[in-house]
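What follows is the structure, encoded as structure tokens:
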């Protein structure tokens, strides 16, 4: 079979892949072959994105319209000073104002993005590889396609690889796919067509973690060709759009420049018609430029943002980029990841069923029989808990088993589940992907004999024929749990008299009695539903975007109030059949997206933005990073979030609390309110000065006020009182208002007419 380089690596038989790379899985590549491949294909590293240095940031801010106008005024003033008859005081003062504004803009931008650096740090520094029949520990950067890598519990996968052999291998792929539960890998899985990364059971991926078992794999992609590399490419090439505040301030700057240009042109024409000197007219142009520009606006906006950032930090919201504060305040859509953001990112045992009884909740008081069922589930598990150096209890083991042990602790039954005077663990039949179950054997020290407890998928439990009625009832309960999007485990067992040889232990897994079922789910955060409802009252739509299964996502969305009547769930496979144009037209119909890829998240964010929505995107995994960067504001989780997500974000939630977003939105809305008041206050003052200058020239009074006088008025008379606005606290009704539209003007809602009246009154006064 001929394998194309662009083929999906999960499709062909693994033997064909080994033949393509010309590698023997028992010996691996030779050092000479590795060196040759490194020379042609490069090393197993991610490309770095170009960083903007301080000089580049300064040059970018020099293009601000208000800075350009002041620089032009300073240049004219300096020219006139060199011509004689004028002092250098005016250009020095104007340049000082420019330097002050420029310095604030550059220094307040915060840290440079480190998303790609964080991606590189995710790789394990070394890995075990087979070279010339010898196992070596090598730097992950030295890996090449065709290398045979050895995977063991705790390893970070160093490259994308096709599995050759495994033994109970599980991988935590949550950072890549968004799924909270480790994925069981299967060498014999036969896949074809388009299969998302989360369903590629015969593959392992760069940056994911081996949580259990071991295996052997052949590297098929390194560096930028890996799944993580594709994400890095999005981060590298993605362009972050300006926030609504930045766009509005840019528009305001253009308006001010046109006012200054038109006024100057008019006065020049008027002055030359009256025979005035060019030098006098230049002085008028300088004065008009100074009068038109609200020099303190940038400072007040910066201080307003900084003050809000400080308040938000106390509320567990860390802002990385100042303009993001106001953008969050105008958010009309929150695209939220499910795992770790809306949910706890841990498997919890929430529902149980005891044979012969009804379903009961884990939160209810247990009867003696129900307690015994939970104890037996715990005895058939290997997860443990311990107290760390900080005095906190930490759970170790499989996520589902941890859910059992955590509930056992909450019920105060831990001691009863341990080896004691009644039962002692003597053997275990481990879980495997073929068996779909595990068994633990105990010696009954009190009554004699032995007890086997078998836990696993219900359809794989060998229940005795005499319990057919119980099994039929269990199937109905299983289906009910499945409708609730619960992962279901069954528990069965039996007593026997003689312990067989170790090689014959599996024979005990037959003719078992069914004890009960347990349902697990990654539960919603308690505060998330309230926060979503509060956001809804504020006119903000919450959309769930997750890599998890559609049934699970739908159940969580309904419980949280995200999915309402008339709204639908769309899977990644269905989304692939929808064109960008169709998605833009229908995006409001969908509140939940399941089993989606990083590329899908970008399409969803873009579709909302094309509908003029201000989009906030929350997430914690590597798979969220491109969308975090593309959104109007990216929000990363501070506790569970990866460094990649944090580096691509504008804001970090230090408590991982979805409700913190709502508090931050309120603060952001206050910023917009303050900026709007500041613009109203300063422009009334400045445009009144322009009107006075124009009237003075028309009336033949000459230069009514010099540039220095205007600067003093603007800074001392207008600017300093305006600074008080930066400390205004949010009004109680801010969250009862609708979000400000992305294309809304500062002068909407009658503000322009009100300003015009005030300018007339101030000019006449």
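In this note's numbering, the protein residues as written are 61 to 825.
All C-beta atoms in this analysis are idealised placements derived from N, C-alpha and C, irrespective of residue type, glycine included.
Since the structure is predicted, the reported quantities are computational estimates derived from the model, not experimental observations.
Practice task
Inspect the CB distances between the region 358-378 and the region 652-664 and report whether three or more fall short of 8 Å.
Solution key: no
Problem - Supposed contact pair residue 685 and residue 291 - C-beta distance, whole angstroms, cut 8 Å - result: 6 Å
Exercise for the section: Output the distance between the C-alpha atoms of residue 731 and residue 545, rounded to the nearest integer angstrom. Expected result: 41 Å
Exercise for the section: Sort 446, 245, 618 by Cα distance to residue 491 and report the nearest one. Expected result: 245
Exercise for the section: Assign residue 64 to buried or exposed, taking buried as 16 or more other Cβ atoms, counted over all protein chains shown, within 10 Å of its Cβ. Expected result: With a pLDDT of 45 at residue 64, under the threshold of 50, the modelled position of that residue is not reliable, and the figure given next carries that caveat. Result: exposed.
Problem - Which of helix, strand or coil DSSP assigns to residue 372 - result: helix
Problem - As assigned by DSSP and simplified to three states, the class of residue 413 - result: strand
Practice task
Compute the Euclidean distance between the alpha carbons of residue 649 and residue 629, then round it to the nearest angstrom.
Solution key: 9 Å
Problem - Pairwise C-alpha distance: residue 729 and residue 822 - result: 29 Å
Handout entry: DSSP beta-bridge partners of residue 481
Key = Per DSSP, none; premise fails for residue 481.
Exercise for the section: Kindly indicate if chain C contains any beta-carbon less than 8 Å away from that of residue 229. Expected result: The displayed structure is made up of one protein chain only, and chain C is not part of it.
Practice task
Please name the residue in 812, 263, 474, 679 whose C-alpha comes closest to that of residue 737.
Solution key: 812
Practice task
Let me know if residue 689 comes out buried or exposed under the rule of 16 or more other beta-carbons within 10 Å of its beta-carbon.
Solution key: buried
Exercise for the section: Could you work out which residue in 573, 796, 506, 748 is closest to residue 526 when comparing CA atoms only? Expected result: 573
Handout entry: residue 604 burial status per 10 Å Cβ neighbour count (16 or more: buried)
Key = buried
Handout entry: Proximal residues to residue 594 (C-beta, below 6 Å), its chain only, five neighbours per side dropped
Key = 722
Practice task
Find out if the Cβ-Cβ distance for the pair residue 410, residue 616 is shorter than 8 Å.
Solution key: no
Problem - Nearest residue (CA-CA) to residue 363, options 734, 669, 642 - result: 734
Exercise for the section: Rank 221, 379, 390, 189 by C-alpha distance to the C-alpha of residue 796 and give the top, closest one. Expected result: 390
Practice task
Under 8 Å by Cβ, that's how I've got residue 159 and residue 137 pegged, so tell me the actual separation to the nearest angstrom.
Solution key: Residue 159 to residue 137, Cβ: 15 Å. No contact.
Practice task
Going by CA-CA distance only, name the one from 204, 808, 494, 753 that's closest to residue 101.
Solution key: 204
Exercise for the section: Report yes if the C-beta distance between residue 207 and residue 279 is below 8 Å; otherwise report no. Expected result: yes
Exercise for the section: Please go through the region 180-268 and give each complete alpha helix (DSSP H) segment of 4 or more residues, from N-terminal end onward. Expected result: 234-237
Handout entry: For residue 462 and residue 438, the rounded distance between their alpha carbons
Key = 9 Å
Handout entry: 8 Å Cβ cutoff met for residue 210 and residue 188
Key = yes
Problem - Three-state secondary structure assigned by DSSP to residue 680 - result: coil
Practice task
May I ask which residues mark the beginning and end of the beta strand (DSSP E) holding residue 552?
Solution key: 547-556
Problem - Cβ distance (whole Å) where residue 74 is taken to contact residue 224 below 8 Å - result: 6 Å
Practice task
Say whether the region 505-524 touches the region 553-560, bearing in mind that this needs 3 or more beta-carbon pairs closer than 8 Å, one atom from each stretch.
Solution key: yes
Handout entry: Continuous beta strand (DSSP E) stretch holding residue 396: start and end
Key = 393-397
Problem - Limits of the unbroken beta strand (DSSP E) element including residue 697 - result: 693-697
Practice task
Kindly identify the DSSP beta-bridge partner or partners of residue 601.
Solution key: 393
Practice task
Measure the alpha-carbon distance for residue 140 versus residue 320 and round it to whole angstroms.
Solution key: 19 Å
Practice task
State yes or no: is the C-beta of residue 392 within less than 8 Å of the C-beta of residue 674?
Solution key: yes
Exercise for the section: May I ask you to list the residues that DSSP assigns as paired with residue 710? Expected result: Residue 710 pairs with nothing; no bridge assigned.
Problem - Proximity to residue 436 [Cα-Cα], best of 610, 470, 553 - result: 553
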